[in-house]
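Residue numbers (the numbering used here): 8 to 230.
All C-beta atoms, glycine included, are put in the ideal place defined by N, C-alpha and C.
As structure tokens, the structure follows; a few thoughts come after it.
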Amino acid sequence: GPMLQLTGCGDKACEMCWRQWVDEQLPTCRAMTEVRIRCLGVGCQQPFTRDLAHLISSEFRAFEQDLARRQRLQNNPLYPADMQVNCPQLGCVGLGYLGFDTVMCFLCEHQWNAMGEAPDDDIPTGVVKQCPRCQVQIEKNGGCDHMTCRCGFEFWWSTMSPYRNNQGHAIAAQQAQPEQAQVVAAQPARPLQIQQVQAPAAAAQGALDAEPAAAAQVNDPEA
């Protein structure tokens, strides 16, 4: 095929070679949590320029969107840098917030405890507790620590303390909706099997997707 030249250094290669080279940089960029594509010339440090931006794959574009979401999480004024922790999942550039028994990555939804170890099954399932207000028995089948009983009372599942709007995964994820507690039994004395509850992590992802992702981070040779 025709040879494509990188503006700034003059190095040339066919389109297939350029595309393959860009994709090979993805693991390194993920490890560094930044987009850094250089020329494929031996020893050449010329950054990728806008005239070849169309060669960036959809996978790389998705990585750029993840970086944009990470940036918004880092800029959350409720959670300064000393309360942020990188996701331990290989290849994920997401992060979670400390201050809870379980930390959740707001990109891949992986959960782990504050000591750095993943829970056996995310938040323990099959645990029955009583609503602090109406005393009805409810069961948690995973998801965020923030719960809302059918009586309208909002609370933290791990501590059973009242929920406050200035903290928690829902606010941390930028307007994520609280999980609805599922009633195990109409009467506290007779718990019944319930349907699995829906984790709010998907809502957290939707909140992060609400803003447009950053465009390809390449240099403009005319700048």
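Item: Where GLN144 falls, given that 16 or more other Cβ within 10 Å makes a residue buried; Value: buried
Item: Rounded separation between THR56 and GLY98 - CA only; Value: 25 Å
Item: Stretch pair the stretch 90 to 107 + the stretch 69 to 77: three plus CB contacts closer than 8 Å; Value: yes
Item: Chain B within 8 Å of VAL92, Cβ atoms only; Value: Going by chain labels, chain B is absent from the structure shown, which holds only one protein chain.
Item: Beta-carbon contacts of ARG26 that lie in its chain and below 6 Å, excluding the five residues immediately before and after; Value: LEU62
Item: Whole-number beta carbon distance between CYS16 and CYS51, since they are thought to touch under 8 Å; Value: 5 Å
Item: Run of the beta strand (DSSP E) containing LEU102, from where it starts to where it stops; Value: 102 to 104
Item: Beta bridge counterpart(s) of ARG68 as assigned by DSSP; Value: BP columns for ARG68 are empty, so no partner.
Item: As assigned by DSSP and simplified to three states, the class of ARG5; Value: The first residue shown for the chain is 8 and the last is 230, placing residue 5 beyond what the model contains.
Item: Minimum C-alpha distance to PHE107 - residue among PRO95, GLU116, MET90; Value: MET90
Item: PRO139 in three-state terms, based on DSSP; Value: coil
Item: Nearest-angstrom Cα separation, counted from ASN82 out to GLN187; Value: In this predicted model, GLN187 has a pLDDT of only 48, less than 50, meaning its place in the structure is not dependable; the value taken from the coordinates is given anyway. Taking the straight line joining both Cα atoms gives about 28 Å.
Item: Beta bridge counterpart(s) of TRP4 as assigned by DSSP; Value: The structure shown does not extend to residue 4, since the chain is modelled only from 8 to 230, so the question has no answer here.
Item: Close beta carbons around LEU59, own chain, < 7 Å, minus the five adjacent residues each side; Value: LEU11, LEU13, TRP25
Item: Closest Cα partner of GLY48 within the set GLU161, ASP18, GLU41; Value: ASP18
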